[in-house]
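Report on one structure; see the data block that follows.
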Amino acid sequence: MDLRREIVGIDQQVPLLDGRLVNYVNLDNAASTPAFHRVKEKVDQALDLYSSVHRGSGYKSLISTYLYEHARQIVLDFVGANPDYEVVIFGKNTTEAINKLAHRFPFKPGDMVLTSLMEHHSNDLPWRAHAQVVYAEVEEDGRLDMNDLEAKLKQYQGKIKLVAITGASNVTGSMPPIYEIARLAHHYQAQIMVDCAQLLPHRPVMMGEPDTESHLDFITFSGHKIYAPYGSGALIGARQFFNRGEPEYRGGGTIEMVTLQEVEWAEAPERDEAGSPNVIGAVALASALQQLQEVGMEAVAKHEMELTSYALNKLQGIDRVRLYGPTDPNQVDQRVGVIPFAVEGMPHAKLAAILGFEGGVGVRNGCFCAHPYVLRLMKIEREEFLTYRQQVLQHNRADLPGFVRASLGCYNSQDDIDRLADMLEGIAAEEYKGKYEPDLQSGSYYPVGFNYEDLGKAFQF
Ligand SMILES: Cc1ncc(COP(=O)(O)O)c(C=O)c1O
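In our numbering, the protein residues as written are 200 to 660.
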């Protein structure tokens with residue numbers, strides 16, 4: 200199946216600075232992917248049948264309830280979870296899912312979470328609020344330092360209750376060996392949570408049987424990063440775990456019975472899904488997973504590995520272009536297609552702006568919600584960091600550290616990489632047309648004369 204044809208908006212033309220129209224090249228999939236046609240169609244179908252879920256008595260309510268509950272089964276199946284043991288809790292996104300788990304985990308004073316230096320803030324800050332956090336080191340090229348991870352597990356044995364690790368970095372694409380980490384975590388009497396926001400769209404993920412050493416105890420992911428941008432995400436873990444304790448949010452849907460004196464909480468997953476659920480989001484997420492299952496995640500991974508290898512080879516050959524993270528085109532089995540780069544001497548925000556305004560190429564720049572990791576990759580010491588901090592506090596973000604990131608989806612092609620590489624060659628040779636100026640407040644660059652309001656012409660509310 201040609202997944203490119205499955206992407207909504209794939210032929211969308213966008214205007215360039217000189218007025219030409221070109222097909223948009225989206226290389227910002229790590230932030231959000233476009234939707235699959237299947238997802239859009241299933242959402243349309245579901246909307247015809249949509250009504251209130253759970254306690255509604257009409258036909259449409261019954262169907263909507265069925266769709267919502269059936270979506271859970273599809274999600275469990277996709278990640279090789281055991282429906283007798285595990286449960287899906289739907290929510291908005293990975294950030295919400297991790298916050299929920301951090302809130303629900305029965306930490307006692309002195310308990311620790313082991314995470315790593317390569318995490319997205321969403322897999323770091325929630326833990327800081329509930330436990331003491333220790334960080335496994337990373338190697339110079341951004342890969343997880345497995346020796347340090349094990350050393351920390353050993354050092355804090357008995358205190359570390361959970362290892363919270365990303366399945367793939369949103370900055371370098373590097374993939375920690377999650378099943379090996381699961382074995383280590385269990386060996387040292389800890390559980391493991393894998394942040395699958397970046398991994399699930401690109402590789403098969405199997406939670407495995409609960410009684411095995413490599414079993415993943417909890418996983419989290421977001422629909423909008425896996426071709427279903429309809430506001431849904433998931434947290435998966437043992438039903439028994441979520442049947443204990445009080446929910447993070449309280450209210451309708453979370454209870455069995457309430458009197459003025461007492462509350463009987465509902466069982467999982469309802470206990471942790473306060474308020475009216477996002478039925479359409481769940482349908483969208485399940486439809487996207489079905490689409491990927493039909494294609495096969497091995498096929499998705501193979502295509503993306505070939506493309507990543509192609510991109511690494513091409514970008515490395517361009518003068519003034521510097522790649523960060525692992526750069527070996529022959530080791531693409533240990534990373535997903537997230538490629539950080541810079542053009543020497545050029546602010547990353549300016550580079551990203553030129554790619555967008557003059558090449559129709561969508562990328563992302565900055566520190567990617569992973570400040571400690573980016574500072575480490577860029578070898579920025581504390582003293583230098585403090586000057587940047589001062590600038591930010593003075594509302595000047597024009598010159599902050601960071602780089603540009605190109606991130607691939609299952610539908611990207613060699614032509615997309617060629618467009619990026621051609622643009623970079625031109626930019627590195629200072630061949631671009633616009634005059635770009637920074638907006639101090641946001642740190643973004645825009646060509647002189649650009650008016651944000653003009654974008655409104657592309658879509659009428
Ligand atoms: C590795 C990783 N974890 C967590 C998140 C947070 O995901 P969301 O914004 O969907 O909550 C992201 C988002 O970029 C991510 O890349």
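For each residue, glycine too, the CB sits at the ideal point set by N, CA and C.
In this structure, how does DSSP classify residue i when only helix, strand and coil are distinguished?
{"i": "Arg443", "result": "coil"}
{"i": "Met496", "result": "helix"}
{"i": "Pro525", "result": "coil"}
{"i": "Gln613", "result": "helix"}
{"i": "Tyr651", "result": "helix"}
{"i": "Ser421", "result": "strand"}
{"i": "Glu463", "result": "strand"}
{"i": "Asn564", "result": "strand"}
{"i": "Ile454", "result": "strand"}
{"i": "Leu220", "result": "strand"}
{"i": "Leu313", "result": "strand"}
{"i": "Arg604", "result": "strand"}
{"i": "Lys501", "result": "helix"}
{"i": "Ala628", "result": "coil"}
{"i": "Ser231", "result": "coil"}
{"i": "Asn225", "result": "strand"}
{"i": "Glu277", "result": "Residue identity differs from the one stated: residue 277 is Phe in this sequence, not Glu. If DSSP states are grouped into helix, strand and coil, Phe277 belongs with the helices."}
{"i": "Asp283", "result": "coil"}
{"i": "Met374", "result": "coil"}
{"i": "Thr365", "result": "strand"}
Using a threshold of 6 Å, is the CB atom of residue i nearer than that to any non-hydrogen atom of ligand 1?
{"i": "Thr314", "result": "no"}
{"i": "His302", "result": "no"}
{"i": "Glu396", "result": "In the sequence on display, residue 396 carries Ala and not Glu. Ala396: yes, Cβ under 6 Å from ligand 1."}
{"i": "Thr507", "result": "no"}
{"i": "His319", "result": "yes"}
{"i": "Ser421", "result": "yes"}
{"i": "Asn228", "result": "no"}
{"i": "Asn369", "result": "yes"}
{"i": "Asn595", "result": "no"}
{"i": "Thr232", "result": "no"}
{"i": "Asn512", "result": "no"}
{"i": "Asn292", "result": "yes"}
{"i": "Thr586", "result": "no"}
{"i": "Thr365", "result": "yes"}
Going by Cα to Cα distance, which pick from the options is closest to residue i?
{"i": "Tyr334", "options": "Arg219, Leu352 and Gly608", "result": "Leu352"}
{"i": "Ile553", "options": "Arg596, Lys632, Tyr523 and Arg588", "result": "Lys632"}
{"i": "Glu505", "options": "Leu574, Glu379, His401 and Glu318", "result": "His401"}
{"i": "Glu746", "options": "Glu472, His547 and Glu629", "result": "Absent from the model: residue 746. The displayed extent of the chain is 200 to 660, so no value can be given."}
{"i": "Asp614", "options": "Glu205, Ile418, Asn225 and Ala437", "result": "Asn225"}
{"i": "Ile380", "options": "Val647, Gln354, Thr365 and Val370", "result": "Thr365"}
{"i": "Ala308", "options": "Ala330, Val482, Val274 and Gly536", "result": "Residue identity differs from the one stated: residue 308 is Pro in this sequence, not Ala. Checked all of Ala330, Val482, Val274 and Gly536; the closest Cα to Pro308 is Ala330."}
{"i": "Asn228", "options": "Glu338, Ile206 and Val647", "result": "Ile206"}
{"i": "Glu408", "options": "Tyr284, Ala350, Val370 and Phe289", "result": "Tyr284"}
{"i": "Gly536", "options": "Arg204, Met317, Cys609 and Ile273", "result": "Cys609"}
{"i": "Tyr523", "options": "Phe235, Arg604 and His594", "result": "Arg604"}
{"i": "His183", "options": "Leu434, Pro539, Pro637 and Asp653", "result": "Because the chain spans 200 through 660 in this model, residue 183 falls outside it and cannot be assessed."}
{"i": "Leu316", "options": "Pro305, Asn369, Phe289 and Asn298", "result": "Asn369"}
{"i": "Gly341", "options": "Leu619, Ala569, Arg588 and Leu599", "result": "Ala569"}
{"i": "Phe289", "options": "Leu619, Asn281 and Leu275", "result": "Leu275"}
{"i": "Gly422", "options": "Met405, Val404 and Leu399", "result": "Leu399"}
{"i": "Leu216", "options": "Asp394, Gly558, Gly436 and Leu599", "result": "Gly558"}
{"i": "Pro325", "options": "Phe304, Ser641, Asp243 and Ser260", "result": "Phe304"}
{"i": "Pro403", "options": "Gly357, Glu503 and Asp201", "result": "Glu503"}
{"i": "Glu497", "options": "Asp243, Gln212 and Phe277", "result": "Phe277"}
With burial defined as no fewer than 16 other Cβ atoms inside 10 Å of the residue's Cβ, what is the status of residue i: buried or exposed?
{"i": "Met456", "result": "exposed"}
{"i": "Arg271", "result": "buried"}
{"i": "Gly655", "result": "exposed"}
{"i": "Gly495", "result": "exposed"}
{"i": "Phe660", "result": "exposed"}
{"i": "Leu514", "result": "buried"}
{"i": "Leu300", "result": "buried"}
{"i": "Tyr651", "result": "exposed"}
{"i": "Thr586", "result": "exposed"}
{"i": "Leu491", "result": "buried"}
{"i": "Asn477", "result": "buried"}
{"i": "Ser475", "result": "exposed"}
{"i": "Thr411", "result": "exposed"}
{"i": "Pro282", "result": "exposed"}
{"i": "Arg534", "result": "buried"}
Measuring from the CB of residue i, is there a heavy atom of ligand 2 at a distance below 6 Å?
{"i": "Asn564", "result": "Ligand 2 is not part of this structure, which contains only ligand 1."}
Any beta carbon from chain E within less than 7 Å of residue i's own beta carbon?
{"i": "Gln489", "result": "In the structure shown, chain E does not exist; there is a single protein chain."}
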